[in-house]
Every structure is written in structure tokens, then in C-alpha cells.
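Mapping the sequence shown onto the numbering used here, position 31 (from 1) lands on 31, and the numbers just tick up by one. For glycine and all other residues, C-beta sits at the position ideal for the given N, C-alpha and C. Note that the structure is predicted; figures quoted are calculated from it, not measured. All remarks here apply to the structure that follows.
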Amino acid sequence: MYQHPYPSPELAAAYPFRDLDFVRLPEDEMRRRADDFHQLMVERRSPRLFAPDPVPRDLIETAIATAATAPSGAHKQPWRFVMTADVGVKRAIREAAEAEERVNYLENRMNEEWQEALAPIGTDHHKEFLEIAPWIVVLFEERYEIRADGQHRKNYYVKESVGIAAGMFITALHNMGLATLPHTPSPMAFLTSVLGRPANERPFVMFPVGHPLPGVQIPDLDRKPLDAVRVEVTGASACD
Ligand code: IYR
Numbered sequence: 001m002y003q004h005p006y007p008s009p010e011l012a013a014a015y016p017f018r019d020l021d022f023v024r025l026p027e028d029e030m031r032r033r034a035d036d037f038h039q040l041m042v043e044r045r046s047p048r049l050f051a052p053d054p055v056p057r058d059l060i061e062t063a064i065a066t067a068a069t070a071p072s073g074a075h076k077q078p079w080r081f082v083m084t085a086d087v088g089v090k091r092a093i094r095e096a097a098e099a100e101e102r103v104n105y106l107e108n109r110m111n112e113e114w115q116e117a118l119a120p121i122g123t124d125h126h127k128e129f130l131e132i133a134p135w136i137v138v139l140f141e142e143r144y145e146i147r148a149d150g151q152h153r154k155n156y157y158v159k160e161s162v163g164i165a166a167g168m169f170i171t172a173l174h175n176m177g178l179a180t181l182p183h184t185p186s187p188m189a190f191l192t193s194v195l196g197r198p199a200n201e202r203p204f205v206m207f208p209v210g211h212p213l214p215g216v217q218i219p220d221l222d223r224k225p226l227d228a229v230r231v232e233v234t235g236a237s238a239c240d
């Protein structure tokens, strides 16, 4: 049986492998789980108004732990989830985000095409949700690692890795009955100073997390049908 991909016994000894634990499921069980999970995810939306009700810290921690199971380039795990329920920190984030968004919306830093794309979403420069949601989690990408001896080591495929972790975080929250709105005030550099993060981290996306405000309205939008997002290719293409 093919056991180990390493070319040399030295590497194999330095980086041991172990058996993968998995159970192959019967096809009807696979289909049932696939359909149930799809249905769960179809119901996910991003509300822009949150209830102020507190959410226990351990739920946020479990969502972060779930997101941190994401695959990453060279297993570098280049993500840092910075969470806060602190009223003062949330206020500082809101004020800084609104200052940036005022320039975007009121001083036309977003060009017309962008504003047109956002029209159906109904956004403006007000970001109350950053203060009202019980938690804010800011996901930072770790562009390089700073080792204990001060040496820097590059991380690989950082955006791809952190993007996957972000999706898993959103999914974990939805699965536990919490809501979030992925929010990217631009530019986001203020998050580094407000949250006191080091130079090797860069803000990637911010997540207010909580329960949706009862009665909140959401844009009446449809998702693209499967046929618009899925292409099947049969046969070899001409490219090599
Ligand atoms: N960051 C701005 C603008 C914005 C951009 C996109 I792309 C959206 O999907 C929604 C908003 C804001 O949050 O208002």
C-alpha cells in the first residue's frame, strides 16, 4: 500500500504521518446530510440590524475554533480572530468605520459603478450595528510569522486561506443560530491601531455577531440558480 509521499527516509522521520480517521457513508446518508445542510445554508442571510442581547463568549469561541479548522497554505494557519464585546472598543470601531464610510458615501470615494452595485443592498455610512451587536470579531490575515527569536517567516496563499476560514466562521455561526454581517469598511487600516495589532497582521474582514433585531428587514434578493454558477466540463480541453 502507498504509505508516504516523502522522497527520503530523513524527511519521513522528521515529519511523521498518521492514519486518516474517516467513515465512508452510505450514499443515501450522504444525500440526506447534503440536502439538510444545503437547506440550512439557504436560510442564511446577512442582517444589518442586530438585537443588543448578549451572546455567551463560549459560542463565539467555538465558532472561531471551527473556523480555525480551515485548510491553509503550507498549514501556516495565517489567521487571527480578534474578538471584543467591550463597549468602548466597539464605539471606537464604529466611529472610525463611519468616518471612512462618510468619505466613501458622502464625498464619492466610491465611484458611480460601485454605488450602483450597492443600491440594492441599501447601505449608507451609518454603522450602528458595530456598537449594538454584542460581539465584533475582526479577522486579520497574518502576512508573515514572527518567530520567538524575532525571525520572520513568510506565509503562503494568505488571502485564500483566510477567505476559507472566514466562510467557515460564517457557516459555524449560522449553524448555531447566530447572525453576522461581513463588513469591510475601506480602508480598514484603523482596525490595526484601534485593536493594537502587530505589523505582520492586516485586517481582512470584520464580523459584528449577534441575534438579528426582531422584525429586521433584508433585501428581497434571489441567489443565482445552480445553472448560473455551475459549469460541467466533459472531455479534454485544448489548453495544456
Ligand atoms: N464597505 C461599505 C460599502 C459596501 C461594500 C460592499 I462590496 C457591500 O456588499 C456592502 C457595503 C459599507 O459597508 O457600507
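Just to confirm, is the Cβ distance from GLY210 to ALA119 under 7 Å? If you check the CB distance, GLY210 and ALA119 do not come in under 7 Å.
Let me check understanding here. Comparing Cα to Cα, which of LYS127, GLU142 and ALA117 lies closest to ALA92? The shortest Cα separation from ALA92 among LYS127, GLU142 and ALA117 belongs to LYS127.
In chain order, what residues of the same chain have a beta carbon less than 7 Å from the beta carbon of ARG102, not counting five sequence neighbours either side? Excluding sequence neighbours, ARG102 sits near HIS125.
Whose C-alpha, out of ALA70, TYR15, LYS159 and VAL82, is nearest the C-alpha of GLU61? Per the Cα distances, VAL82.
Run the CB neighbour count on ALA96, radius 10 Å, all protein chains shown included, and call it buried at 16 or more, exposed below. Buried, since its Cβ has 16 or more Cβ neighbours within 10 Å.
With a CB to CB cut of under 7 Å and the five nearest residues on each side skipped, what residues in its chain are close to LEU181? Once the five neighbours on either side are set aside, the close Cβ partners of LEU181 are SER46, PRO47, ARG48, PHE129 and PRO208.
First through last residue of the beta strand (DSSP E) which encompasses THR84: Membership of THR84 in the beta strand (DSSP E) is indicated by the continuous run 79 to 84.
Around the Cβ of ASN104, are there at least 16 other Cβ atoms within 10 angstroms (buried) or fewer (exposed)? It is buried - the Cβ of ASN104 has at least 16 other Cβ atoms within 10 Å.
Please classify ILE121: is it buried, with 16 or more other beta-carbons within 10 angstroms of its beta-carbon, or exposed? Label assigned to ILE121: exposed.
State the DSSP-derived secondary structure class of HIS183, mapped to helix, strand or coil. In the three-state DSSP reduction, HIS183 falls in the strand class (E or B).
ILE93: beta carbon under 6 Å from a heavy atom of ligand 1? ILE93 Cβ: outside cutoff for every heavy atom of ligand 1.
Can you tell me where the beta strand (DSSP E) with GLY210 in it begins and where it stops? Per DSSP, the continuous beta strand (DSSP E) segment holding GLY210 begins and ends at 201 to 210.
Pair every Cβ in the region 193 to 206 with every Cβ in the region 138 to 150, then say whether three or more of these pairs are closer than 8 Å. Yes, they touch.
Taking 6 Å as the cut-off, is the CB of ILE121 close to at least one heavy atom of ligand 1? At a threshold of 6 Å, ILE121 counts as near ligand 1, since its beta carbon sits closer than that to one of the ligand's heavy atoms.
Do SER161 and PRO212 have their C-beta atoms closer together than 7 Å? For SER161 and PRO212, no; Cβs fall outside 7 Å.
For HIS126, does the three-state DSSP call read helix, strand or coil? When DSSP states are grouped into helix, strand and coil, HIS126 belongs to the coil group.
Does the beta-carbon of PRO185, which I'm using as the reference point, lie nearer than 6 Å to any heavy atom of ligand 1? Yes; taking the cut-off as 6 Å, the Cβ of PRO185 has a heavy atom of ligand 1 nearer than that.
Less than 7 Å between the beta carbons of GLU100 and PRO185, yes or no? Taking 7 Å as the cut-off, the beta carbon of GLU100 is found closer than this to the beta carbon of PRO185.
Secondary structure at VAL216, three-state DSSP: helix, strand or coil? The three-state reading of DSSP puts VAL216 in coil, since its state is none of H, G, I, E or B.
For the 8 Å Cβ check, are there 3 or more pairs between the region 29 to 46 and the region 145 to 161? With the cut-off at 8 Å, the region 29 to 46 and the region 145 to 161 do not touch.
Sorry if obvious, but does the Cβ on GLU101 come closer than 6 Å to a heavy atom of ligand 3? Of the ligands one can find in the structure shown, namely ligand 1, none is ligand 3.
In DSSP terms, what LEU139 is bridged to: DSSP output for LEU139 lists PHE81 and VAL205 as bridge partner(s).
MET188 burial status per 10 Å Cβ neighbour count (16 or more: buried): Counting Cβ neighbours within 10 Å, MET188 comes out buried, since at least 16 surround it.
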